[in-house]
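Student: Encoded as C-alpha cells, here's the structure I'll be asking about.
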Amino acid sequence: MIALLRGEVAVRRSDHVVIVCGGIGHRAAVSSETLHHVPAVGGETTLHTHLIVRDDALALYGFHSEPERDLFLMLLSVQSVGPKVALAVLSGGPPRELLGAIAAGDAARFQAVPGIGKRTAERIIVELREKVSVADVPVPGGTPGGIVARRGSGSSNPRGLAREGLLELGYTPSEAEDLLRDTEGESAEDLLAQALRTARRA
C-alpha cells in the first residue's frame, strides 16, 4: 500500500498531480481542496494517499491531510458514492466544514456537488451522521478534536458537551454560548447539530 508521497511536483493539473519520488513519478488524483496546497511545478510537497486496486488499473488518490483521506474513505462506504464523486465532495471545502455539515444534517451542502442528487445527498447524511462525532472533526490546526459528544454517551450534561464540541471546532466561548442559547434537545449531538445549523445561517 502506498500511504504517502513526498517529492517534487512534476505535473500539476486541475484533477491530478504527478509527484517524483526517488526518480519515479506517481500520478495521484486530487480534490480542488488538496490542489490549493500543492505548490507549482518544481516545488516540494507531501501527500497522504490511498490506493484502489482494480482488475484493470491501480488508482492512486492524494490528500493534503489525513482527515481529508479519512473522509474520502468514509464517503466511499456510502452506497452510490465512488472515488470520482467522493473527490467532488472533498472539493467543496475543508474536511472540518464537510464533517460539520454531516453532523448538522445539511444535505443541501452535498446536493450542490456536481453528480450528487437529492437521494444521494440524503444518503450521505443518514449513513455517515452516526459515524461522525466531534472527536472526528478536525480543529483549525488540522488535528482531531477531543472525545466529545457522541450519541448515547450517557453524559449528564449534554449542553456542556455540546459547548465543548463547539470550542473544539474553533468557536470562542461567547460564540458557543450564543449558538447554544436557543437550542433544545436531550443529547449533546442534537444540541451541536442545531448550533451548527444556526452558525451556517448566520
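Residues in the sequence shown are numbered from 6 upward in steps of one, following the working numbering. Where is the CB? At the ideal position from N, CA and C, for every residue including glycine. As the structure is a computational prediction, the values presented were derived from the model and not from experiment.
1. Which word fits R124, buried or exposed, when buried means at least 16 other C-beta atoms lie within 10 angstroms of its C-beta?
2. How should D111 be labelled, buried or exposed, when 16 other C-beta atoms within 10 angstroms of its C-beta is the threshold for buried?
3. For a test of the three-state rule: what should DSSP assign to T188, helix, strand or coil?
4. Might you give, ordered along the chain, the residues of its own chain that have their beta carbon closer than 6 Å to the beta carbon of L63, omitting 5 neighbours on each side?
5. Assuming L65 and A15 form a contact by the criterion Cβ under 8 Å, report the distance between their Cβ atoms to the nearest whole angstrom.
6. For V131, which residues from the same chain have a beta carbon less than 8 Å from its beta carbon, with the 5 sequence-adjacent residues on both sides left out?
7. Tell me whether D78 is buried or exposed, calling it buried when 16 or more other Cβ atoms sit within 10 Å of its Cβ.
8. Considering Cα atoms alone, identify which of E189, R11 and L184 is closest to G67.
9. Measuring only the C-alpha atoms, how far is E189 from E169?
10. Can the beta-carbon of R128 be found closer than 8 Å to that of S85?
11. Leaving out the 5 sequence neighbours to the left and right, which residues in its chain are closer than 8 Å to R134 when beta-carbon positions are compared?
12. Between L197 and D183, what straight-line distance do the alpha-carbon atoms span, to the nearest angstrom?
13. Looking at the C-beta of I57, does it have a partner C-beta in chain B at a distance below 8 Å?
14. Do V90 and I121 have their beta-carbon atoms positioned less than 8 Å apart in this structure?
15. Out of E13, S19 and V35, which one is the CA nearest neighbour of V25?
16. Return the CA-CA distance between G105 and L201, expressed in angstroms with no decimal places.
17. When burial is assigned at 16 or more other CB atoms within 10 Å of the CB, is S36 buried or exposed?
Tutor: Well, looking at it:
1. exposed
2. buried
3. coil
4. none
5. With a Cβ gap of about 14 Å, L65 and A15 do not count as contacting.
6. Hits under 8 Å: none found.
7. Before going further, note that residue 78 is Leu rather than Asp in the sequence given. With fewer than 16 other Cβ atoms within 10 Å, it is exposed.
8. Shortest Cα-Cα distance from G67 to any of E189, R11 and L184 involves R11.
9. 16 Å
10. yes
11. I107, A108 and G110
12. 12 Å
13. Among the chains in the structure shown there is no chain B, since it carries only a single protein chain.
14. yes
15. It is E13 whose Cα lies nearest to the Cα of V25.
16. 7 Å
17. buried
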